[in-house]
Ligand SMILES: [Fe+2]
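Residue numbers (our numbering): 117 to 346.
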C-alpha cells in the first residue's frame, strides 16, 4: 500500500476539490490505486492568511468530509506552505506540520532559486526544529540550473517529494532514479486537485516504478518512502 504525501482533497479549501462529492471521488480513486493513507496538503500562503484562520478553515472542511463519509479515517492533515520571505517568523508556523510528525511540506517559489530561500528552509529546520519536505522537486529540474538543484539536494535532513507526473518525462524519471540509486530520501505524491487534468495518479507510479525497479527493490522503495508516516 502507498502513502500519498501531497494532495488537495479537502473540499472548497483551495484550488483543489470543489465540493465534498469530488473529494470523495478522489479518495475513492486513490484507494483503488493502492493508497491507504492520504496526506492532505492544502495551499497555505503566509501573506494572505494567519495560521489560525487556515487551521480553522481546514478543520471545518475535514469535518464536512468526515460527516459525508465517517468511514474515512486515513487522512492526515497538513499543508503545502509556500516559501516566502520571513516565512519562518510567521506566528504558529509549527502548527502546519503533517499531523504530529514534525514534517512540513514547503513549496519553493517559481522564480530563480535564491539564497534567502535556503535561509528560510534552514531557519524552519534548525530554528523551529521542524523537518522540511521539499514539494515536487521534479518541477524545478527544468527551470533551476543544475548548481541550484545541487544546492537544494545538499540540504541534509530534508525529504524530497516528487509528484507522480514525473513519470511522464523520461528525463525527469532518469533524474529521480539517480537520486534513488544514491540514497536520497525521496517521497511521492499525486498532488491531485480534481478528477480531470489533475486526477489521482498512483497507477502510473506503480506501472513505471515496477518496471524500473525489479522485485525486491520496488518493495524496498515503498517501505522506505512510507516509513515516515507509518
Ligand atoms: Fe500542491
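Ideal Cβ placement from N, Cα and C applies to all residues, glycine included.
Fair warning: this is a prediction, and the values are worked out from it, not measured in the lab.
With 5 Å as the limit between CB and the heavy atoms of ligand 1, the residues that fall short of it are 196 and 307. By the neighbour-count criterion, in which a residue is buried when 16 or more other Cβ atoms sit within 10 angstroms of its Cβ, residue 251 is buried.
The Cβ-Cβ distance between residue 267 and residue 234 falls below 8 Å. Here residue 254 is buried: its Cβ has 16 or more other Cβ atoms, across all protein chains shown, within 10 Å.
Per DSSP, reduced to three states, the secondary structure at residue 247 is strand.
Straight-line spacing of the CA atoms in residue 222 and residue 339 works out to 23 Å. Annotation for residue 128: 134, 135 and 177 place their beta carbon closer than 8 Å to its own, counting only its chain and skipping 5 residues before and after. Between residue 172 and residue 160, the alpha-carbon positions lie close to 13 Å from each other. Boundaries of the beta strand (DSSP E) around residue 194: 191 to 198.
Taking the C-beta atoms as reference points, residue 257 is found no nearer than 8 Å to residue 289. For residue 297 and residue 180, the gap between their C-alpha atoms comes out near 42 Å. Rounded to the nearest whole angstrom, the C-alpha separation of residue 317 and residue 345 is 20 Å.
Taking a contact to require three or more Cβ pairs closer than 8 Å, the segment 179 to 193 and the segment 232 to 246 do not qualify as touching. Excluding the 5 residues flanking it on each side, residue 166 has same chain C-beta neighbours closer than 8 Å at 207 and 208, in chain order. Straight through space, the alpha carbons of residue 343 and residue 249 are spaced by roughly 14 Å. For the segment 282 to 320, the continuous beta strand (DSSP E) assignments of 3+ residues that do not extend past its boundaries occur at 302 to 305, in sequence order.
Non-local C-beta neighbours of residue 225 in its own chain, meaning closer than 8 Å and more than five positions away in sequence, comprise 198, 199, 200 and 233, ordered along the chain. In the DSSP assignment, residue 151 falls within the beta strand (DSSP E) that extends over 151 to 160. Residue pairing by DSSP places residue 220 opposite 248 in a beta bridge. Judged by their CB atoms, residue 260 and residue 302 are not nearer to each other than the 8 Å cut-off. Taking the Cα positions, residue 141 is about 10 Å away from residue 148. Less than 8 Å divides the Cβ of residue 151 from the Cβ of residue 120.
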